[in-house]
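K.L.:
Residues 0 to 505, numbered by numbering that gives the first Met the number 0, are exactly what the sequence shown covers, in order.
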Amino acid sequence: MKKSLQFLGLALLAAGCSDSAMLENIKENTNDYSNLIEFSNAFVENPTRTSLGVGQSFPVGSQMAVYGFQKTGDVVEAVFNNQMVECTDSEAGVWTYSPKKPWVSESEYDFYGFFPYAAEGLYTFDAETKMISVENYTVKDAIAEQQDLMIAQRNYTNPFNTVHMNFNHILSNVNFYAKVAPNVNMEGISSIDILRFDVERLANKGSYTQTGWVNNHEAKGAWEVIEGTYYNFPGVGTSTMALTKENQGVAVDMLLMPQTLFFHNDSDEKDPVINITYKISYEDNTSVTMSKSLRLSSIKGVSKSSTEALPIYEWLPNNKYNYVMAINPELTTRKWDVDWDGSDNGGDKEKNEGSNYNPDDPNHITVWEDENGDGQIDEGETKEYPVAWEDIDGDGKLEGGIDRDNDGKIDDVDQDGGTVTVPVDPNSTNSNPTDGDANNPEDKDVILVYVDTDGDNVPDDWRQLEKDPDTGVITPEKEQEVSYIEFSAEVIDWVEEYDVNYDIAN
């Protein structure tokens, strides 16, 4: 399925050939037939790089590799084996190769293509399965040096047709933009500048295995990344970027390794993380510097085929991702107090001091584990664990719970062998939910969050953390509050007051 997950729609213009015809060009006058197999109008089906957008966008000098098979009756012969075919006229869509091969009447032909051509080493074609694989490929750090790896197939081509190869991509196209959020009040602000914009832990090396074809022409396959090597993200760091309320490219048109963005086990060490530092400069020559770090897997996107924002847990081949990071210093997401350990203390926030759940990072929870029993939050006692999601009470929704042993399942944290912190009605007003849910056969302890239920911007009651299994939408919805520095003033009483009486006499 060809789709483009995005935060904000953005058109990428195709460059190069203007003729976008895809169909075989069968000449009407049979006397004009050439008996040579020709290639023309190589066509990109789904955009990635602006230099290789939809249509005939190959510049002069582009080279594709072609494998071709001729079938006459039950006899199959290979007529092309990693044949280099070069674009010699991009405007007319002319491709040439040598030596020329003739068409054979009453034969059928299958053609397979890979872009770009390489004499050896980049790709492998299996003549039996007609599949292409790529071994140990490393994405270049410099965007301008990145290659658009593409695969094409043209089946059952009859003789005397020009062969049109329709290519589709096996890498992901990723774009990062930044801007000031539209509703930010810029009064008194002279500029908002990005000081740092970086994405860490993006895999840059892997192997691709093709497993089939979709609709007889689109390659189907997957990448297996090689852990331990990462992409050197070309973001902001050595200079600053002044922002406006329009999208500005931070790192655009990148051809990156398709990969998983959310690792349940050891997610602290594997999940790609985006880091942004920006400075707000005011007209009175003062400034404020702010930083934000979040996992890419915590960001939701809307695809062209959907209207609902969903988490993006992986980048897929032949998909395009547009991340638009809108800076809004006026708002902050409230981190919720949590009851996570099944201790029957839902109404006593102090017993869970130091523990919180950040809706901007929905698959992790921070907890305080008082390892030395001194009642104080000491260094190293605040820890982050994955959140596992299971429907443990049979309501069709996935409950969130801590997974400290990284087995992908909610823990029975307090090991009480049969209790769970789950209100009978998770939407009821219940300040002290109790253990003992009969619909919990595996003794799971779920997460309760302390939220604002009456809209006065003050948390007042506990709610069960749940996720819709179909849409991935998590409830309760995250709460945001104004983060301006505010001032109030009052005059306090004098520290001491003295009554002094003195009689002045002559």
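For each residue, glycine too, the CB sits at the ideal point set by N, CA and C.
Which two residues bound the contiguous beta strand (DSSP E) that contains P115?
P.N.:
Neither: P115 is in no beta strand (DSSP E) and is coded neither H nor E.
K.L.:
Could you compute how far the alpha carbon of F261 sits from the alpha carbon of P271?
P.N.:
Going from the Cα of F261 to the Cα of P271 covers about 8 Å.
K.L.:
Using 8 Å as the threshold, is the C-beta distance between I36 and K100 below it?
P.N.:
A contact, by the Cβ cut-off of 8 Å.
K.L.:
Can you name the start and end residues of the beta strand (DSSP E) that R294 belongs to?
P.N.:
Run containing R294: 286 to 294, per the beta strand (DSSP E) assignment.
K.L.:
Using the Cα positions of R195 and E76, report the straight-line distance between them to the nearest angstrom.
P.N.:
Whole-angstrom Cα-Cα distance: 57 Å.
K.L.:
Tell me which residues share the same chain as E134 and place their Cβ nearer than 6 Å to its Cβ, disregarding the 5 neighbours each side in the sequence.
P.N.:
Around E134: S206.
K.L.:
Which residue or residues does DSSP assign as beta-bridge partners of H163?
P.N.:
Per DSSP, none; premise fails for H163.
K.L.:
Taking only the alpha-carbon atoms, compute the straight-line gap between F114 and D147 and give it to the nearest angstrom.
P.N.:
Answer to the nearest angstrom: the Cα atoms are 7 Å apart.
K.L.:
Identify the continuous beta strand (DSSP E) that holds E221 and give its terminal residues.
P.N.:
The sequence shown places Ala at residue 221, rather than the Glu named in the question. Note, A221: beta strand (DSSP E), 217 to 224.
K.L.:
If you draw a straight line from the C-alpha of G435 to the C-alpha of I446, how long is it?
P.N.:
The pLDDT assigned to G435 is 36, lower than 50, so where the model puts this residue is not dependable; a value taken from the coordinates is nonetheless given after this. Approximately 15 Å, taken between the alpha carbons.
K.L.:
Quick one, which of V287, K319, V251 has its alpha-carbon nearest V301's?
P.N.:
Minimum Cα distance to V301 is reached at K319.
K.L.:
Between the alpha carbons of E245 and K178, how many angstroms are there, rounded?
P.N.:
Those two C-alpha atoms are separated by around 6 Å.
K.L.:
Whose C-beta lies closer than 8 Å to the C-beta of E27 among residues of the same chain, with five residues either side of it excluded?
P.N.:
Caution applies to E27, whose pLDDT of 31 falls short of 50 and renders its modelled position unreliable; the value that the coordinates give is listed next. For E27, where only same-chain residues beyond five positions count, there are no Cβ hits under 8 Å.
K.L.:
Please classify A308: does DSSP put it in a helix, a strand, or coil?
P.N.:
Looking at A308 - three-state DSSP - the assignment turns out to be coil, as it is neither helix nor strand.
K.L.:
If you follow the beta strand (DSSP E) that K178 is part of, which residue opens it and which one closes it?
P.N.:
171 to 179 is the extent of the beta strand (DSSP E) around K178.
K.L.:
CA-CA distance, S189 and A325?
P.N.:
Each residue's Cα considered, the two are about 18 Å apart.
K.L.:
In the DSSP output, which residue or residues are listed as bridge partners for I279?
P.N.:
I191, V287.
K.L.:
Give every residue of the same chain whose Cβ lies closer than 7 Å to the Cβ of Y277, excluding the five residues on either side of it in the sequence, and list them in chain order.
P.N.:
Answer for Y277: I191, D192, I193, L194, M289, I326, listed in chain order.
K.L.:
Leaving out the 5 sequence neighbours to the left and right, which residues in its chain are closer than 6 Å to V173 when beta-carbon positions are compared?
P.N.:
Within the same chain, V173 has close Cβ partners M253, L255, Y320.
K.L.:
Can you look up E144 in the DSSP assignment and give me helix, strand or coil?
P.N.:
In this structure, E144 counts as helix in the three-state DSSP scheme.
K.L.:
From E389, D392, Q375, W367, pick the residue whose C-alpha is nearest to that of T381; which is it?
P.N.:
The shortest Cα separation from T381 among E389, D392, Q375, W367 belongs to W367.
K.L.:
For the stretch 332 to 392, which segments carrying the beta strand (DSSP E) assignment without a break, of at least 3 residues, lie completely within its bounds, in sequence order?
P.N.:
Here the runs fully enclosed are 335 to 338, 363 to 367, 381 to 389.
K.L.:
May I ask which residues mark the beginning and end of the beta strand (DSSP E) holding D404?
P.N.:
D404 -> no beta strand (DSSP E), and no H or E assigned at all.
K.L.:
Looking at L201: is its Cβ nearer than 8 Å to the Cβ of Y155?
P.N.:
No, the Cβ-Cβ distance between L201 and Y155 is not below 8 Å.
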